[in-house]
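A short write-up of the structure that comes next.
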Amino acid sequence: MPTTGLDDLDRRILDILQRDGALSNQDLAARVHASPPTCLRRVRRLTQAGIIQRRVAILDPALMGATLTVLIEVTLDAQAAAQADAFEAQLLTEPAIQQCYRVSSGPDFVLVALVADMAAYQALALRCLTGDPRVRNVRSFFATRRSKFDTRIPLVP
1 MPTTGLDDLD
11 RRILDILQRD
21 GALSNQDLAA
31 RVHASPPTCL
41 RRVRRLTQAG
51 IIQRRVAILD
61 PALMGATLTV
71 LIEVTLDAQA
81 AAQADAFEAQ
91 LLTEPAIQQC
101 YRVSSGPDFV
111 LVALVADMAA
121 YQALALRCLT
131 GDPRVRNVRS
141 FFATRRSKFD
151 TRIPLVP
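The sequence shown finishes on residue 157 if you use the UniProt record's numbering, and the numbering steps up by one all the way, no holes.
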């Protein structure tokens, strides 16, 4: 389902679910001004189409003991696709890596990691980065403040 095929009701449903995915179908229907059966059908269709990938709870990292956010640039020793695929597969299994991007024009990967402290970061770096023979260079940047964090995708009609 291309996003251009979304109508106004679909967009309202998606906008509200991005703000609060825990709403009951009744509450969601009331907020988008649709009947509960219509709303349920729409949510199922949007989920089956892959537009809604999952519903999650977003936790406060500090209250969960994860107080250090690290932005990491990784450059591999060689640019072979198989090597990048294998390295990426390893990163995907690491719980501390929250986001993993292959990028162009600079490093090969940019990662976002969330760890408890510097000791936890050092263990992560040794486990996944500096101890890996495929890795040529690692640059890490430690967040001193998070000014904005949002998971919502802007829905433009």
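For each residue, glycine too, the CB sits at the ideal point set by N, CA and C.
Keep in mind that this is a model prediction, so the values were computed, not measured.
Just measuring C-alpha positions, the residue of G5, V70, V103 and L28 sitting nearest I16 is L28. At a cut-off of 4 residues, the continuous stretches assigned as alpha helix (DSSP H) that sit fully inside the stretch 14-53 are 25-32 and 36-48. Taking a cut-off of 8 Å on C-beta distances, the stretch 71-88 touches the stretch 125-144, as three or more cross pairs fall below it.
In this structure, the beta-carbon distance from I13 to R42 falls below 8 Å.
DSSP places T130 within a helical segment (H, G or I) once states are collapsed to three. Annotation for L71: the continuous beta strand (DSSP E) segment containing it runs L68 to L76. With contacts defined as CB atoms closer than 8 Å, L76 and A143 fail to qualify as a contacting pair.
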